[in-house]
Amino acid sequence: MSFDRLIEGIIRTQNPTVVGLDPKLEYIPEEIRRESFAACGENLQGAGAAIFAFNRGLIDALCDIVPAVKPQCAYYEMYGWPGMKALHDTIEYAQRKGMFVITDGKRGDIGTTMEAYAKAYLGKTQVQGNTFIPFGGDALTVNAYLGSDGIQPLLPWCESEDKGIFVLVKTSNRSSGELQNLNVNGGDTVYFTVAQHCETWGASTVGKYGYSGVGAVVGATYPEQLRELRQDLPTTFFLVPGYGAQGGGPQDVEAAFDSRGLGAVINSSRGILCAWQQKGCAGSEYTVAAREAAIDMRDAIVGRIGKIG
0 MSFDRLIEGI IRTQNPTVVG LDPKLEYIPE EIRRESFAAC GENLQGAGAA
50 IFAFNRGLID ALCDIVPAVK PQCAYYEMYG WPGMKALHDT IEYAQRKGMF
100 VITDGKRGDI GTTMEAYAKA YLGKTQVQGN TFIPFGGDAL TVNAYLGSDG
150 IQPLLPWCES EDKGIFVLVK TSNRSSGELQ NLNVNGGDTV YFTVAQHCET
200 WGASTVGKYG YSGVGAVVGA TYPEQLRELR QDLPTTFFLV PGYGAQGGGP
250 QDVEAAFDSR GLGAVINSSR GILCAWQQKG CAGSEYTVAA REAAIDMRDA
300 IVGRIGKIG
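Per numbering that gives the first Met the number 0, residue 0 is the first one in the sequence shown, and the count goes up by one each step.
#1: If you drop the 5 nearest sequence neighbours on each side, which residues of the same chain put their C-beta closer than 7 Å to that of glutamate 29?
#2: In whole angstroms, what is the alpha-carbon distance linking leucine 225 and glycine 305?
#3: Taking the alpha helix (DSSP H) that glycine 56 belongs to, which residues open and close that run?
#4: With threonine 204 and glycine 212 assumed to form a contact (beta carbons below 8 Å), what rounded beta-carbon distance in angstroms separates them?
#5: Excluding the 5 residues preceding and the 5 following glycine 243 in the sequence, name in chain order all residues of the same chain whose CB lies nearer than 6 Å to its CB.
#6: What runs of the alpha helix (DSSP H), each 4 residues or longer, lie entirely inside the stretch 63-108?
#7: Relative to the C-alpha of serine 147, which candidate in Gly185, His196 and Pro133 has its C-alpha closest?
#8: How many angstroms separate the CA atom of valine 287 from the CA atom of glycine 246?
#9: For a quick check, are the C-beta atoms of alanine 48 and leucine 24 less than 8 Å apart?
#10: Starting from the C-beta of phenylalanine 131, find all residues in its chain whose C-beta is less than 7 Å away, skip the five residues before and the five after it, and write them out in chain order.
#11: How many Å lie between glycine 260 and isoleucine 10 at the Cα?
#12: Drop a sphere of 10 angstroms on the beta-carbon of threonine 111, count the other beta-carbons inside from all chains shown, and report buried for 16 or more, exposed for fewer.
#13: Quick one: is glutamine 44 buried, meaning 16 or more other Cβ sit within 10 Å of its Cβ, or exposed?
#14: Taking only the alpha-carbon atoms, compute the straight-line gap between alanine 60 and arginine 290 and give it to the nearest angstrom.
#15: Evaluate leucine 272 with the Cβ neighbour count: other Cβ atoms within 10 Å of its Cβ, from every protein chain shown; 16 or more gives buried, anything less gives exposed.
#16: Would a C-beta distance cut-off of 8 Å place phenylalanine 165 and valine 216 closer than the cut-off?
#17: Using alpha carbons as the reference points, say which of Pro233, Gly209 and Arg297 lies closest to glutamine 250.
#18: Less than 8 Å between the beta carbons of phenylalanine 36 and threonine 89, yes or no?
As structure tokens, this is what we get:
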């Protein structure tokens, strides 16, 4: 299943992390922006070109030590169609370099609309009898607020195309508890109820490492809930945001892993993308700074969980 490929990348690199490719123009070195604007104009096309050039440099610097990337759609959508082209090209380039791609779209709808999202981000679409892959990510983040009707249209693609989904369960933001911590079903929280559904939704897609193609988003900023859910969700793989800039550290994410050091992938975005700025490096050194930050993150986490696999 899809997360078998992600797990194998984690074992190969001995690195249970994913880099969030969430670029803003202010994160991108001036040299890259200047070249892109000179070639395409100071417009949306220039912005899209700068984003892809920035991402390409990061992917080249990280692909041998980091198993996955996670582009957040909103950072590309705000630059219109050139931004979405940069998203497409980023996904394609990362996969060509052997990286697993989690498209962070947090999509949620029902029926044919959700089927359309599935085709766009996980599957294939038809044009005049010809088949095309629109974006082609390996996994997609989704919102389960609409219930099973919003998840079922995705599951056939998980099975037939070896794809995966990550369902929002206990998110890392401060206000998540306003809804997610409410009690339902005679005492269970909303997040725990959604988590249990993940086990059910993924039951037919369990792979050789014991995890299904239906994962859960569980934030590093709530380590107690992370520990609780790891114990109660034996076949659900975790995507863990909130590391670094949001306050989560290696001690917080340790509980996300099983005894083999598997079961989770930890995300960092600004901590990697902006490492060159945080360290006071020249823009030309952004890839070196990103690689060093990614290695530091890997070593800190593996230092807590031990050898993976």
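All residues carry an ideal CB built from backbone N, CA and C; glycine is no exception.
Only a predicted model underlies this, so the values are computations on that prediction, with no experimental measurement involved.
Checking against the coordinates, here is how it stands:
#1: Sequence index remark: in the sequence shown, residue 29 carries index 30 (1-based). So the qualifying residues of the chain are Gly282.
#2: Your numbering for residue 225 matches position 226 in the sequence shown. Your numbering for residue 305 matches position 306 in the sequence shown. Roughly 19 Å separates the two Cα atoms.
#3: Position 57 of the sequence shown, counted from the first residue, corresponds to residue 56. Glycine 56 -> alpha helix (DSSP H) spans 43-61.
#4: One-based indexing of the sequence shown puts residue 204 at position 205. One-based indexing of the sequence shown puts residue 212 at position 213. Contact flag correct, Cβ pair sits at about 4 Å.
#5: Taking the first residue of the sequence shown as position 1, residue 243 is located at position 244. Close CB contacts of glycine 243 within its chain, under the 6 Å cut and outside five residues either way in sequence, are with Ser267 and Gly270 (chain order).
#6: 73-76 and 79-95
#7: By one-based count along the sequence shown, residue 147 stands at place 148. When only C-alpha atoms are compared, the closest one is His196.
#8: For this step, residue 287 is matched to residue 288 along the sequence shown. For this step, residue 246 is matched to residue 247 along the sequence shown. The alpha-carbon of valine 287 is positioned some 24 Å away from that of glycine 246.
#9: As a working mapping, residue 48 is identified with position 49 in the sequence shown. As a working mapping, residue 24 is identified with position 25 in the sequence shown. No. Outside cutoff.
#10: On the sequence shown, residue 131 is found 132 positions in, with the first residue counted as 1. Cβ neighbours of phenylalanine 131 beyond the five flanking positions: Lys123 and Thr124.
#11: As a working note, residue 260 is residue 261 in the sequence shown. As a working note, residue 10 is residue 11 in the sequence shown. Straight across, the Cα-Cα distance linking glycine 260 with isoleucine 10 is about 9 Å.
#12: For the purposes of this step, residue 111 is taken as the residue at position 112 of the sequence shown. Classification for threonine 111: exposed.
#13: Your numbering for residue 44 matches position 45 in the sequence shown. Glutamine 44 is buried by the Cβ-count criterion.
#14: One-based indexing of the sequence shown puts residue 60 at position 61. One-based indexing of the sequence shown puts residue 290 at position 291. If you take the alpha carbons of alanine 60 and arginine 290, they lie about 6 Å apart.
#15: Within the sequence shown, residue 272 is the residue found at index 273, counting from 1. Buried, because 16 or more other Cβ atoms sit within 10 Å of the Cβ of leucine 272.
#16: As a position in the sequence shown, residue 165 is number 166, starting the count at 1. As a position in the sequence shown, residue 216 is number 217, starting the count at 1. Against a cut-off of 8 Å, the Cβ pair of valine 216 and phenylalanine 165 comes out as a contact.
#17: The count along the sequence shown starts at 1 and reaches residue 250 at position 251. Just measuring C-alpha positions, the residue of Pro233, Gly209 and Arg297 sitting nearest glutamine 250 is Arg297.
#18: Along the sequence shown, one-based indexing puts residue 36 at 37. Along the sequence shown, one-based indexing puts residue 89 at 90. In this structure, threonine 89 does not lie closer than 8 Å to phenylalanine 36 by Cβ.
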